[in-house]
Structure formats: C-alpha cells, structure tokens
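Residue numbers (our numbering), protein chains in the order written: chain A, -19 to 104; chain B, 1120 to 1301. Accompanying notes for the structure given below.
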C-alpha cells in the first residue's frame, strides 16, 4: 500500500515539474497528461482491492520516461522523465501478496468456471 | 448472524459503517466544494478562493469547457457527489448481499465521477495553462473515494456470480437480494 502512495507522490511530482522547472510546451503537455493518470493509478492501487491496477504503471512509467526524449526536452526534462518513469514502472511490478482476503478477488467475478465460496486465494 | 455479514472468503464486512462513513464524509466534502464553485459559476458570488495560482481558478471556472452543458460543470459535480453520499448511506450492514443494486449504483457513481475529475485536471494546464486549487481538491476527493468504495462493489459482484453459478437468477439477486442461492 505504501509503495503505491509513493507512486502517487512521484506522479504528482511529474505533474508539477514542468511549471517548477520550466520545460518546453510539448513536454509540459505530456507530463500534465501522464502525471495525473499515474497519480490516479497509484491512488487507486494503494487499496488492496484494486492493487491489480498497479500494473498500469508498466505502461505509463515508460511513457513518462520516453516522452521528453521523443519530444526534444532539455536535460532536466529528460532526467525527471527517466527517473520518475523508471521508478513508476518498478512500482508496477508484482509485489507482496495482499494483506487481506477478498474471496477470490476480481478473478472470481470475471474468471471462467464456477465460483468458489470460501477460502480462495487472492494472489495475483 | 454476524458471520452472514462477512462475504465468503473475506476477513471483514465491506458494508460496515466503519468503511462507508468515511466515503460518505468525503462525498459531502466534495458536494460542499462543488457547490461553492458552482455558486461562482452561476454568478451568486463575485470571487472564488484561490491561494496559489493567481487568476487560475477564474480562468478554469469561466472557460468554455465549464459551460459546454446547459448547467455549469461544478453544479453537475455537486449533484454527482450528492448521489455518491446518498448511495453510500442507503442500506444496512449486509447490503453487499441484500441490496447489490445500490452497491453497484454506488460504484458507478464513484468510479466515473473520479474519471471525469481526473480528465478535468488534465484539461486545466493543457488547454488553459492554468490551475484551480479547489478543482484539484475536488479531484483528490473523487480519487480518494474510489479505492474504499470498490471493496463493497467486489463483494456484491462476487455474490451475484455465486448466485448465478448456483442456478439462481442474476436479476432477482440484483434487485431483491438473495436470489435463491447460498
């Protein structure tokens, strides 16, 4: 849970960096779009019941890392993008199992086969 | 009877008031913020509180996007937050099983509202090169409600799935609770 709040904080940093450090308009737009998206992922995945959403960092993190490179950002923009993007991607990797039990989780709802009733694993 | 309140395979009851009251509280905070912003948009007050971003709030709240619908977007937000609060309050401590429809309505109200708020946060700097403190606070409130609300949604969906797998009726379980299973 704490790691996704850290991801949230990193994403907020991405969101405000263009205004604090004066990035070019195209890089600023990319960070202003991807920052809130990553912050939302972190804010939702911080709860055990939605922790599977953390995998979305694996898409958004590299996008943040690549955006300033592809959009011709200056050194500071590239540094912020690469460090924040890689950190977010790392935080999207599978972590420790959830602390609580949720009766089979979302797999039980959308998975194939008959639903189990109790004692099911929530490990994903 | 207490055991029946905890979904099978869970360690706690997601419909407990201890889980729901904070969400209802957040929804009421969101209602108050959005009502204040809509009062400015409707011209009921002349100024809007903005401690950090200069004229940012005024720029955002008077933008063309905020008036694209017949009523200001903040008024829509206030209505949506109020629906969140009401949907969070309706039903007892077993509502994940006895009233799945209200839990799913709650989830639909909380989830899309959060996505709309995030979209508006994205639009602020990209389209208008401005930020609005209370709009950001409203988005934070929306985001903070999603995680805590969705454990109850998951419990209700699992209940509907169990009813279906045991030969019961989805619609009966959705509208009237038990649905002939378990």
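Even for Gly, the Cβ is constructed at its ideal location relative to N, Cα and C. This structure is a prediction, so every number in the text was calculated from the model and none was measured.
Ordered along the chain, which non-local residues of its own chain (more than five positions away) have a Cβ less than 7 Å from that of residue i?
i	result
residue 45(A)	61, 62, 65, 66
residue 1268(B)	1142, 1225, 1226, 1229
residue 1146(B)	1200, 1203, 1204, 1207, 1264
residue 41(A)	65, 66, 68, 69, 72
residue 24(A)	30, 33
residue 1223(B)	1272, 1275
residue 1175(B)	1169, 1249, 1250, 1251
residue 100(A)	Unreliable placement is indicated for residue 100(A), whose pLDDT of 40 sits below 50; no coordinate value is reported for it.
residue 1296(B)	1216, 1217, 1218
residue 10(A)	47, 51
residue 17(A)	40
residue 1261(B)	1149, 1232, 1233, 1236
residue 1164(B)	1158
Between residue i and chain B, is there a C-beta pair that is closer than 8 Å?
i	result
residue 26(A)	yes
residue 89(A)	yes
residue 82(A)	yes
residue -17(A)	no
residue 20(A)	yes
residue 44(A)	no
residue 9(A)	yes
residue 13(A)	yes
residue 48(A)	no
residue 3(A)	no
Residues of chain A with a CB under 9 Å from the CB of residue i: which are they?
i	result
residue 1269(B)	24, 27, 29, 30
Please decide whether residue i counts as near chain A, where near means a Cβ-Cβ distance under 8 Å.
i	result
residue 1140(B)	no
residue 1280(B)	yes
residue 1265(B)	yes
residue 1207(B)	no
residue 1127(B)	yes
residue 1293(B)	no
residue 1156(B)	no
residue 1276(B)	yes
residue 1273(B)	yes
residue 1145(B)	no
residue 1188(B)	no
Excluding the five sequence neighbours on either side, which residues of its own chain have a C-beta within less than 8 Å of the C-beta of residue i, listed in chain order?
i	result
residue 1126(B)	1132, 1133, 1215, 1216, 1274, 1277, 1278
residue 1144(B)	none
residue 1179(B)	1185, 1243, 1247, 1249, 1250, 1251, 1254
residue 1123(B)	1213, 1216
residue 1210(B)	1134, 1217, 1218, 1221, 1222
residue 1188(B)	1195
residue 1129(B)	1274
residue 1289(B)	1279, 1282, 1283, 1298
residue 1293(B)	1219, 1220, 1223, 1279
residue 1256(B)	1152
Looking only at its chain, what residues have a beta carbon closer than 6 Å to the beta carbon of residue i, apart from the 5 residues adjacent to it on each side?
i	result
residue 1157(B)	1191, 1193, 1194, 1197
residue 8(A)	-2
residue 15(A)	-9, -6, -5
residue 26(A)	-19, -16, -15
residue 1160(B)	1180, 1191, 1193
residue 86(A)	none
Which residues of chain B have a Cβ atom closer than 9 Å to the Cβ of residue i, listed in chain order?
i	result
residue 16(A)	1237, 1238, 1240, 1241, 1258
Can you pull the chain A residues whose beta carbon is under 8 Å from the beta carbon of residue i, in chain order?
i	result
residue 1262(B)	19, 20, 23, 24
Anything in the segment 1237 to 1258 of chain B with a Cβ closer than 7 Å to a Cβ of chain A? List those residues in chain order, please.
Taking 7 Å as the Cβ-Cβ cut-off against chain A, the residues of the segment 1237 to 1258 of chain B that qualify are 1237, 1240, 1241, 1244, 1245.
Check each residue of the segment 1159 to 1174 of chain B: if its Cβ is closer than 8 Å to any Cβ of chain A, include it; give the result in chain order.
For the segment 1159 to 1174 of chain B, which is checked against every Cβ of chain A, not one residue is closer than 8 Å.
Residues of the segment 1197 to 1231 of chain B with a CB closer than 9 Å to any CB of chain D: list them in chain order, please.
Of the protein chains in the structure, A and B, none is chain D.
Counting beta carbon pairs with one atom in the segment 1233 to 1242 of chain B and one in the segment 1152 to 1172 of chain B, are three or more of them shorter than 8 Å?
Touching, no.
With a threshold of 8 Å, are at least 3 pairs of Cβ atoms found where one atom belongs to the segment -15 to 4 of chain A and the other to the segment 46 to 59 of chain A?
In short, these stretches touch, since the Cβ pair count reaches three.
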